[in-house]
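Chemist: So this note's numbering is basically just the index in the first sequence, starting at one, shifted up by 30. Heads up, the beta-carbon is just placed ideally off N, CA and C, and yes, glycines get one too. Please see the structure below; I have some questions.
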Amino acid sequence: MADHSPSEAILRNLDPQQKAAVLQTEGPVLVIAGAGSGKTRVLTSRIAYILATTDTDPASILALTFTKKAANEMKERIATMVGRKRAARLTMGTFHSVFARILRQYAHLLGYPSTFTIYDTSDSQNLIKRIIKEKNLGDKEYKPKAVQSRISDAKNNLISPQAYVNNPAVMDTDRSKKMPRTGEIYLAYQKALRENGVMDFDDILVNMALLARVSPDAWREIASRFRYIMVDEYQDTNYAQYKIVRALTLFHKNLCVVGDDSQSIYAFRGANIQNIFNFRSDYAPCKVFRIEHNYRSTKVIVEAANSLIEHNEGRIPKECFSTGEGGEKINIIKAFNEMEEAVLVTQSIQARIRTSFAAYSDFAILYRTNSQSRAIEESLRRSNIPNVILSGTSFYDRTEVKDMLSYFRLVVNPSDNEAFRRSVNRPARGIGDTTVAALDEAARSLGVTLLEAASREDLPSVSSIKNAGALKLNSFASMIRSLVSIRDTVDADDLARLISSKSGMVVAYKMEPTMENLSRAANVEELVSSVVDFVAKRHAEYFEQMQSQSDSSSSSTLPSEAVQYPHVGLSDFLEDIALLSSAESKEEENADSDNKVKLMTVHSAKGLEFPYVYIMGMEDGLFPSYLPGGGIQQNDLEEERRLFYVALTRAEKAVELSYCTHRLRNGNPETPSPSRFLREISPRFLVSPLPRDDWGSDSPSRRSPSPSPFSKPWQRPSSSPSGPSSPSPVRPSAPACASTGKKLVPKASLPSSSSSSSSSSASSSSGRILGVYDLSVGMSVEHKSFGRGVVTALDMGKQMVSVKFPVGEKTLMVAFAKLRLPQD
DNA sequence: ATTTTACAAATTTTT
DNA sequence: TTTGTAAAAT
31 MADHSPSEAI LRNLDPQQKA AVLQTEGPVL VIAGAGSGKT RVLTSRIAYI
81 LATTDTDPAS ILALTFTKKA ANEMKERIAT MVGRKRAARL TMGTFHSVFA
131 RILRQYAHLL GYPSTFTIYD TSDSQNLIKR IIKEKNLGDK EYKPKAVQSR
181 ISDAKNNLIS PQAYVNNPAV MDTDRSKKMP RTGEIYLAYQ KALRENGVMD
231 FDDILVNMAL LARVSPDAWR EIASRFRYIM VDEYQDTNYA QYKIVRALTL
281 FHKNLCVVGD DSQSIYAFRG ANIQNIFNFR SDYAPCKVFR IEHNYRSTKV
331 IVEAANSLIE HNEGRIPKEC FSTGEGGEKI NIIKAFNEME EAVLVTQSIQ
381 ARIRTSFAAY SDFAILYRTN SQSRAIEESL RRSNIPNVIL SGTSFYDRTE
431 VKDMLSYFRL VVNPSDNEAF RRSVNRPARG IGDTTVAALD EAARSLGVTL
481 LEAASREDLP SVSSIKNAGA LKLNSFASMI RSLVSIRDTV DADDLARLIS
531 SKSGMVVAYK MEPTMENLSR AANVEELVSS VVDFVAKRHA EYFEQMQSQS
581 DSSSSSTLPS EAVQYPHVGL SDFLEDIALL SSAESKEEEN ADSDNKVKLM
631 TVHSAKGLEF PYVYIMGMED GLFPSYLPGG GIQQNDLEEE RRLFYVALTR
681 AEKAVELSYC THRLRNGNPE TPSPSRFLRE ISPRFLVSPL PRDDWGSDSP
731 SRRSPSPSPF SKPWQRPSSS PSGPSSPSPV RPSAPACAST GKKLVPKASL
781 PSSSSSSSSS SASSSSGRIL GVYDLSVGMS VEHKSFGRGV VTALDMGKQM
831 VSVKFPVGEK TLMVAFAKLR LPQD
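So, in structure tokens, the structure goes:
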């Protein structure tokens, strides 16, 4: 604490409200942080401040977030304040990743092997499906998804299978849903998970909570280690998380939670907004701080959002304000159908780019459901506006990748019967359903895992499996076992390569070299190379750490061969990707493809900000969406309203909202009304008053039984069905560029000469990953593992590219190939 | 055992 | 509209 103490430097950048929250390091603290108010800054400053003013070991500061991204961002920021070394020691990460790490240490106390693997949602759904089938329950009543969500709800509320079936209220609900045997499925499901040595997502929380009860000694070890605990996005915590945090503060009461009740949008997944409402009484006496100064958005946006959220009854009163300029009013775009909606939004973006010199990356287009992305994506593409969709199926969701991953899982955890089932006949080995069913029966009666059963040479005598089948099973089993035997002595990268080649998946795909199969083979290879990357990264981290440690003892840099790297197991890799969300993996893929319009759902926009935000599909039924048969609950509506609040507050400079009067839903036409939320924004923040005629009272222009000459009655009856070049009546407000919108953007893609056509971004583009629009036949590109090659074919529709490399011609998905311009 | 074909169903958000 | 599952054919 010298004259220019580091703590002074930390506090200097904070406003009075923020500073107060940072200074209160002891005891329970609730920080109500409005959107754009510098919540992350408070959290990071607080951690830095604690490190600067106390002798706390960074490892005993626990910071929990919901996304990996948020955790990394915080770590990054703290690193600049207290140094990389110390920041790296913090116990910081998502609930799931931090807890999974702890559980691995104490797994034996819960009857799990420390090598337990983690099922993602689709893995667990597959298991549920099988159980439903086994029990001969028609999946008409027992929809796997519905059952899964019931089970998940139970787990989030720490209701065990036994408690579930003994709970009359729960059973009543199931009966009324016509699925009275859900509890039975839950029991079987949990039993199977346990036998397989597997946890699903929710189990990570359940078992963490269980650990506190099962072993007070272990819990003391864990909880007493964390002197300071911080929780981000507290409004999104569920009951299990609440309980765990409670238990973690048993010894040190220094808990700081940060959140905004107005941004609670995950109730559907168990988040309990009451957690933040009740914090004061739960942790009394506690200190409450409000940070309400919005540094992100204009006055118009902040006040418009305020006027909207005031329609919610249950909320913590707060007055968010902006000292920024008034800003542009909110424009509402009305369109005939989704195609026109997309075109109008596209034109508005083009106009802004021209008049405000905005970059593509200044724009975000938000929507309620993923299915809405199609129309706008296509429209942008037609106008040559580069864009990325952040969501959708991630790399790790592709079947071939999941197949390979199930090999990985089986090798890491040979008791995972689900992994066995998935990999045993992939590629086709002639081991079909009947054989596996017989094997399953044998395994059950012998009380062993499928893999163990498959290894037995006396299979024909203990089951109905014929000799031929037994032979195939034996050889599969011995392949897996040979891999298992070297699992702990070989690093993940070598093991992955070995598994990949022994499985024969890549070879099988290449035997029948269709475009699709080739890309599948490439994806499997890509997965293997991502394991290689992972190991390299871990080694690099380790090396860095060793170096920084040896700095003090003034030893010269170690020759790299002398470094004894720790073993990086395949299980480490599996854990890493199991807890990776799809949006995050997507982000990593296009890490540096920056100057693009971003398309995403409102949910995935949380925590982000953009100068210009478009929110599409502002229609009753879509946003707010009502799913359950017509009637909408007050709570659901309030959550939808918060969701819209989140969407609005992403914008820095301007927001535009769009809706259409005709929309194709599930393939059939509908005529929705504009969203009620549009009326809830105080009209003084709108560019122009809402057209009155669109709402109820009279018939909303039902053109019902007029099959007319038009085969598709919901399409605009007027001349051209909104082709790319028919911009349709441009609305007054948007600085319209009229008919020639197309030529605005130079065709940066399809470069006839060199691909870096525009001078502006050329310099930084040497290492940039190329998108499908950056490619053209004949150009040379570079791939991480295949080296330099020449593009020989390009399929814009399927987004695939064929490249002739020194090792031969490869056909790859552009999104996953990570091609770059060759370095000269 | 695998491929093809036909038909039905279901469409939110995700750590 | 697409997606997945069930039955039927190879």
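Given this structure, state the Cα-to-Cα distance separating residue 506 from residue 437, to the nearest angstrom.
Modeler: For this step, residue 506 is matched to residue 476 along the first sequence. For this step, residue 437 is matched to residue 407 along the first sequence. If I take the Cα positions, the gap works out to 11 Å.
Chemist: So, with DSSP's three-state summary, where would you put residue 358?
Modeler: To locate residue 358, count along the first sequence from 1; it is residue 328. Coil at residue 358, not helix or strand.
Chemist: Which word fits residue 852, buried or exposed, when buried means at least 16 other C-beta atoms lie within 10 angstroms of its C-beta?
Modeler: The count along the first sequence starts at 1 and reaches residue 852 at position 822. Exposed, because fewer than 16 other Cβ atoms sit within 10 Å of the Cβ of residue 852.
Chemist: Could you give the residue range of the beta strand (DSSP E) that holds residue 687?
Modeler: For the purposes of this step, residue 687 is taken as residue 657 along the first sequence, with counting starting at 1. Taken as a continuous stretch (DSSP letters only), the beta strand (DSSP E) holding residue 687 covers 681-690.
Chemist: Which word fits residue 563, buried or exposed, when buried means at least 16 other C-beta atoms lie within 10 angstroms of its C-beta?
Modeler: Position 533 of the first sequence, counted from the start, is the residue given in the question as residue 563. Exposed, by the Cβ-count rule.
Chemist: Going straight from the alpha carbon of residue 171 to that of residue 334, what length do you get?
Modeler: The residue you call residue 171 lines up with position 141 of the first sequence. The residue you call residue 334 lines up with position 304 of the first sequence. About 44 Å.
Chemist: Can you tell me whether residue 622 is buried or exposed? The criterion is at least 16 other CB atoms within 10 Å of its CB, across all chains shown.
Modeler: Here residue 622 refers to the residue found at position 592 when the first sequence is read from its first residue. Interpretation of residue 622 is limited by its pLDDT of 42, a score under 50 that renders its predicted location unreliable; no figure is taken from the coordinates.
Chemist: Could you compute how far the alpha carbon of residue 700 sits from the alpha carbon of residue 694?
Modeler: Position 670 of the first sequence, counted from the first residue, corresponds to residue 700. Position 664 of the first sequence, counted from the first residue, corresponds to residue 694. Answer to the nearest angstrom: the Cα atoms are 6 Å apart.
Chemist: Specify, as a first and last residue, the run of the alpha helix (DSSP H) that residue 95 falls within.
Modeler: As a working note, residue 95 is residue 65 in the first sequence. Run containing residue 95: none in the alpha helix (DSSP H); it sits in the beta strand (DSSP E), 91-95.
Chemist: Can you find the residues in the same chain that come closer than 6 Å, C-beta to C-beta, to residue 433, ignoring five residues on each side of it along the sequence?
Modeler: Taking the first sequence and counting its residues from 1, the one referred to as residue 433 is at position 403. Result list for residue 433: 456, in chain order.
Chemist: Enumerate in chain order the residues of its own chain whose CB-to-CB distance from residue 109 is below 6 Å, with the five nearest sequence positions on each side excluded.
Modeler: As a working note, residue 109 is residue 79 in the first sequence. Once the five neighbours on either side are set aside, the close Cβ partners of residue 109 are 117.
Chemist: Where does the unbroken beta strand (DSSP E) through residue 394 begin, and where does it stop?
Modeler: As a working mapping, residue 394 is identified with position 364 in the first sequence. Unbroken beta strand (DSSP E) run through residue 394: 393-397.
Chemist: Is the Cβ-Cβ distance between residue 503 and residue 469 less than 8 Å?
Modeler: One-based indexing of the first sequence puts residue 503 at position 473. One-based indexing of the first sequence puts residue 469 at position 439. Yes, the Cβ-Cβ distance between residue 503 and residue 469 is below 8 Å.
Chemist: At the level of alpha carbons, what is the spacing between residue 399 and residue 473?
Modeler: Here the question's residue 399 lines up with position 369 in the first sequence. Here the question's residue 473 lines up with position 443 in the first sequence. Residue 399 and residue 473: Cα-Cα distance of roughly 44 Å.
Chemist: Which ranges would you report for the alpha helix (DSSP H) in the stretch 143-226 if only whole runs of at least 4 residues count?
Modeler: Those alpha helix (DSSP H) runs which fall completely within the stretch 143-226 and span 4+ residues are 151-164, 174-186, 191-195, 198-206 and 212-226.
Chemist: Going straight from the alpha carbon of residue 100 to that of residue 551, what length do you get?
Modeler: Reading the first sequence from its first residue, position 70 is the one you call residue 100. Reading the first sequence from its first residue, position 521 is the one you call residue 551. Roughly 33 Å between the two C-alpha positions.
Chemist: Excluding sequence positions up to five away, which residues of its chain have a Cβ less than 7 Å from the Cβ of residue 181?
Modeler: Mapped onto the first sequence, residue 181 falls at position 151. Cβ within range, chain order: 216 and 219.
Chemist: DSSP three-state label for residue 485, please.
Modeler: Residue mapping note: residue 485 aligns to position 455 of the first sequence, counting from 1. Looking at residue 485 - three-state DSSP - the assignment turns out to be helix.
Chemist: Give me the Cα-Cα distance between residue 152 and residue 467, rounded to the nearest whole angstrom.
Modeler: As a first step, residue 152 is located in the first sequence; it is residue number 122 there, counting from the start. As a first step, residue 467 is located in the first sequence; it is residue number 437 there, counting from the start. Looking at the two C-alpha atoms, the distance is approximately 22 Å.
Chemist: Going by C-alpha to C-alpha distance, which of 231, 248, 244 and 281 sits closest to residue 271?
Modeler: Here residue 271 corresponds to residue number 241 of the first sequence, with the count starting at 1. For residue 271, the nearest C-alpha among the options comes from 231.
Chemist: Residues bridged to residue 633 by DSSP?
Modeler: Numbered from 1 along the first sequence, position 603 holds the residue referred to as residue 633. BP columns for residue 633 are empty, so no partner.
Chemist: Counting Cβ pairs closer than 8 Å, one from the stretch 355-373 and one from the stretch 406-418, do we hit at least three?
Modeler: At 8 Å Cβ cutoff, the stretches touch.
Chemist: Please list the terminal residues of the continuous alpha helix (DSSP H) segment that includes residue 514.
Modeler: Within the first sequence, residue 514 is the residue found at index 484, counting from 1. 497-516 is the extent of the alpha helix (DSSP H) around residue 514.
Chemist: Compute the distance between the beta-carbons of residue 711 and residue 677, then report whether it is under 8 Å.
Modeler: Position 681 of the first sequence, counted from the first residue, corresponds to residue 711. Position 647 of the first sequence, counted from the first residue, corresponds to residue 677. No, Cβ-Cβ distance for residue 711 and residue 677 is not below 8 Å.
Chemist: What do you reckon, are the CB atoms on residue 124 and residue 97 nearer than 8 Å?
Modeler: Residue mapping note: residue 124 aligns to position 94 of the first sequence, counting from 1. Residue mapping note: residue 97 aligns to position 67 of the first sequence, counting from 1. It is a contact, given that the beta carbons lie within the stated cut-off.
Chemist: So, residue 394 versus residue 690, is the Cβ gap smaller than 8 Å?
Modeler: What you label residue 394 is simply residue 364 of the first sequence in a count that begins at 1. What you label residue 690 is simply residue 660 of the first sequence in a count that begins at 1. The answer is no: Cβ separation not under 8 Å.
Chemist: Just the Cα atoms here: how many angstroms apart are residue 255 and residue 90?
Modeler: The residue given as residue 255 occupies position 225 in the first sequence. The residue given as residue 90 occupies position 60 in the first sequence. Going by the C-alpha atoms only, they are around 6 Å apart.
Chemist: How far does the beta strand (DSSP E) with residue 230 in it extend, from its first residue to its last?
Modeler: Counting from one through the first sequence, the residue named residue 230 turns up at place 200. Unbroken beta strand (DSSP E) run through residue 230: 228-230.
Chemist: What residue does the alpha helix (DSSP H) around residue 246 start on, and which one ends it?
Modeler: For the purposes of this step, residue 246 is identified with residue 216 of the first sequence, where counting begins at 1. Per DSSP, residue 246 belongs to the alpha helix (DSSP H) from 246-255.
Chemist: Between residue 604 and residue 147, is the Cβ-Cβ spacing less than 8 Å?
Modeler: Here residue 604 refers to the residue found at position 574 when the first sequence is read from its first residue. Here residue 147 refers to the residue found at position 117 when the first sequence is read from its first residue. Yes.
Chemist: With a 10 Å radius around its C-beta and 16 neighbouring C-beta atoms as the bar for buried, classify residue 243 as buried or exposed.
Modeler: Locating residue 243 in the first sequence gives position 213, where the first residue counts as 1. Result: exposed.
Chemist: Ignore the nearest five residues each way along the sequence and tell me which others in residue 252's own chain have a CB closer than 7 Å to its CB.
Modeler: As a first step, residue 252 must be located in the first sequence, where it is residue number 222. For residue 252, where only same-chain residues beyond five positions count, the Cβ hits under 7 Å are 132.
Chemist: Identify whether residue 323 lies in helix, strand or coil by the three-state DSSP scheme.
Modeler: Taking the first sequence and counting its residues from 1, one reaches residue 323 at position 293. If DSSP states are grouped into helix, strand and coil, residue 323 belongs with the strands.
Chemist: Sorted by chain position, which residues of the same chain lie with C-beta nearer than 7 Å to residue 392's C-beta, five sequence neighbours on each side aside?
Modeler: Here residue 392 refers to the residue found at position 362 of the first sequence. 640, 641 and 642.
Chemist: Which residues share a DSSP beta bridge with residue 46?
Modeler: Within the first sequence, numbered from 1, the residue matching residue 46 stands at position 16. According to DSSP, residue 46 bridges with nothing at all.
Chemist: With a 10 Å radius around its C-beta and 16 neighbouring C-beta atoms as the bar for buried, classify residue 347 as buried or exposed.
Modeler: Stepping through the first sequence from its first residue, residue 347 is reached at position 317. With fewer than 16 Cβ atoms within 10 Å of its Cβ, residue 347 is classed as exposed.
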